[in-house]
Amino acid sequence: GESVGLHLPTLSVQEGDNSIINCAYSNSASDYFIWYKQESGKGPQFIIDIRSNMDKRQGQRVTVLLNKTVKHLSLQIAATQPGDSAVYFCAEPAPSGTYKYIFGTGTRLKVLA
Amino acid sequence: NAGVTQTPKFQVLKTGQSMTLQCAQDMNHNSMYWYRQDPGMGLRLIYYSASEGTTDKGEVPNGYNVSRLNKREFSLRLESAAPSQTSVYFCASTTGQASDTQYFGPGTRLTVL
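Chains A and B supply the protein sequences, listed in that same order. Residues 1 to 113 in our numbering are what the first sequence lists, from first letter to last. Residues 1001 to 1113 in our numbering are what the second sequence lists, from first letter to last.
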């Protein structure tokens, strides 16, 4: 999601429930997407990726869905745990040849006990 | 494998002092990056090195210099620190191939007084 200044969008979820975090991207030619998790005071950690020839990819308790029609990514976390509390953001390589990446500002996930 | 390592973890400088942030990766990656992250904001690219022997400016290069010492190491130098450079600095690396994941270091938390 979009963020303005210091105010990251926050998703509060009860422990044990499923979480869905969304991300919109702008480049319709993008062919690769990454989700990162960033815990407080730590560096971004790779969670899962997906290529544009797929609509869905599953990992351990996480699933990424890609809707190319509306240029939308979502990260689903099953049975959310306290350790899932973090900022989650999506990323994609910038247009070919630039070696750069485009990062979303992120969504803060708070897990309620 | 340690992945991407950064030193120091924390640093406090006075305005006008200089320092070098060190980064090393042991994944045989070609491309390396320096980002800064300010509270509630996304990652902003300072400089990157697409391959050994090359460096290029990112979106916020002013006040910084970099050196790609060898394939493993990429350092970031602040010649005359300013309070506006108070931030968390992350180094990252990737193979350099299109559509590949960036891996991040743990970060350096810099405060300039």
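Beta carbons: idealized from backbone N, C-alpha and C, even for Gly.
Own chain residues within Cβ distance below 7 Å of Gly-1063 of chain B, not counting five before or after:
Leu-1078, Ala-1082 and Gln-1085
Host beta strand (DSSP E) of Asp-31 of chain A (start-end)
Unbroken run through Asp-31 of chain A: none, as it is neither H nor E.
Buried or exposed: where does Lys-1057 of chain B fall if 16 or more other Cβ atoms within 10 Å of its Cβ makes it buried?
exposed
Where Arg-51 of chain A meets chain C, residues with beta-carbon distance less than 8 Å
Absent from the structure is chain C; the protein chains it does hold are A and B.
CA-to-CA distance, Thr-1111 of chain B to Phe-1010 of chain B, given in whole angstroms:
8 Å
Cβ separation of Ser-1075 of chain B and Leu-1013 of chain B, assumed to be a contact under 8 Å, to the nearest whole Å:
Not confirmed; about 16 Å, so no contact.
Give me the chain A residues within the contact set of Gln-1011 of chain B, using Cβ-Cβ distance strictly less than 8 Å, ordered along the chain.
Within 8 Å Cβ-Cβ: nothing; Gln-1011 of chain B doesn't reach chain A, min ~15 Å.
Going by alpha carbons, who is nearest to Ala-113 of chain A out of A:Ser-96, A:Ala-86 and A:Gln-81?
A:Gln-81
Looking at C-alpha atoms only, which residue of B:Gly-1042, B:Ala-1050, B:Asn-1001 and B:Met-1032 is the closest neighbour of Ala-106 of chain A?
The sequence shown places Gly at residue 106 of chain A, rather than the Ala named in the question. Per the Cα distances, B:Gly-1042.
Give me the chain A residues within the contact set of Tyr-1089 of chain B, using Cβ-Cβ distance strictly less than 9 Å, ordered along the chain.
Simply none; closest approach about 10 Å.
Who pairs with Asn-1114 of chain B in a beta bridge, going by DSSP?
Outside the modelled stretch of chain B, which goes from 1001 to 1113, sits residue 1114 of chain B, for which no answer is possible.
For Thr-1003 of chain B and Asp-1026 of chain B, what's the separation of their Cα atoms in angstroms?
The question names Thr, but residue 1003 of chain B is Gly in the sequence shown. About 6 Å.
Once DSSP output is grouped into helix, strand and coil, what is the label at Gly-5 of chain A?
With a pLDDT of 38 at Gly-5 of chain A, under the threshold of 50, the modelled position of that residue is not reliable, and no figure is offered here.
Name the residue from B:Leu-1113, B:Phe-1104, B:Arg-1072 and B:Glu-1059 whose alpha carbon lies nearest to the alpha carbon of Asn-1028 of chain B.
B:Arg-1072
For Thr-1108 of chain B and Ser-26 of chain A, the rounded distance between their alpha carbons
31 Å
Is it buried or exposed, Ser-19 of chain A, if we count other Cβ atoms within 10 angstroms and call 16 or more buried?
buried
Given a cut-off of 8 Å on the beta-carbon distance, is the pair Lys-71 of chain A and Ala-24 of chain A in contact?
yes
Using the Cβ count rule (16 or more neighbours within 10 Å means buried), how would you classify Gly-83 of chain A?
exposed
Does the Cβ-Cβ distance between Thr-1055 of chain B and Val-1066 of chain B come in under 8 Å?
yes
Given Ala-1098 of chain B as reference, the closest of A:Gly-16, A:Leu-11 and A:Ala-29 once Cα atoms are compared
The residue with the shortest Cα to Cα distance from Ala-1098 of chain B is A:Ala-29.
Would you kindly work out how many angstroms separate the C-alpha atoms of Glu-92 of chain A and Ala-1050 of chain B, rounded to a whole number?
Roughly 16 Å between the two C-alpha positions.
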